[in-house]
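Asks: Residue numbers (the numbering used here): 1425 to 1557.
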Ligand code: IDP
Ligand code: MG
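(1) Between residue 1542 and the ligand MG, is there a pair consisting of the residue's CB and a ligand heavy atom that are separated by less than 6 angstroms?
(2) Count the other CB atoms, across all protein chains shown, that sit within 10 Å of the CB of residue 1511; report buried if there are 16 or more and exposed otherwise.
(3) Quick check on the burial criterion: 16 or more other C-beta atoms within 10 angstroms. Buried or exposed for residue 1435?
(4) Less than 6 angstroms between the CB of residue 1456 and some heavy atom of the ligand IDP, yes or no?
(5) Does the beta-carbon of residue 1487 have 16 or more other beta-carbons within 10 angstroms, so that it is buried, or is it exposed?
(6) Considering only the alpha carbon of each residue, which of 1456, 1475, 1491 lies closest to residue 1466?
(7) Specify whether the region 1479-1486 and the region 1500-1516 touch according to this definition: at least 3 beta carbon pairs, one from each stretch, less than 8 angstroms apart.
(8) On the three-pair Cβ rule with 8 angstroms, is the region 1426-1443 touching the region 1537-1555?
(9) Could you tell me the alpha carbon to alpha carbon distance between residue 1447 and residue 1468, rounded to whole angstroms?
(10) Using CA atoms only, rank isn't needed, just tell me which of 1513, 1500, 1494 is closest to residue 1544.
(11) Along the chain, where does the alpha helix (DSSP H) that runs through residue 1533 open and close?
(12) Classify residue 1461 as buried or exposed, calling it buried when 16 or more other Cβ atoms lie within 10 Å of its own Cβ.
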């Protein structure tokens, strides 16, 4: 069964939408495998967002993701990596389809409420970083 890494970002925790986000995954029939609440270290943030290390927004991204508690999760289900990205919506909430998590709760491209793995390889890497390291 496929697994993916999903994380409610500090803005989502602050807005108190963790419950609504969990409900959307549960309504799709997916199973929650791991969950946690923590404020992540700069070291973990940099590893998680390693692929973006040369982008001009990297420092702001690391500051934002370490600015308060996050809610990382592992979810399991058939084709969940792709389906979760559908539930989440486009990176920029203004471009996200109506009814997606980012369209409903996101406020800007940097404050977009939630992370979801984009591939099998990254799902494994991110699950390992947050839950098995
Ligand atoms: P994703 O979260 O939809 O997979 P990525 O391109 O992997 O989007 O970017 C990771 C995160 O970096 C985004 O969720 C967003 O918070 C932030 N980000 C991406 N592009 C920009 C940008 O152009 N400006 C500011 N932040 C950005
Ligand atoms: Mg990404």
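Don't be surprised by glycine CBs; every beta carbon is placed ideally from N, CA and C.
Replies: So, from the listed chains and residues:
(1) Correct: residue 1542 has its Cβ closer than 6 angstroms to the ligand MG.
(2) buried
(3) buried
(4) no
(5) exposed
(6) Closest option to residue 1466, Cα to Cα, is 1491.
(7) no
(8) yes
(9) Those two C-alpha atoms are separated by around 27 angstroms.
(10) 1500
(11) The continuous stretches of alpha helix (DSSP H) do not include residue 1533, and DSSP gives it neither H nor E.
(12) exposed
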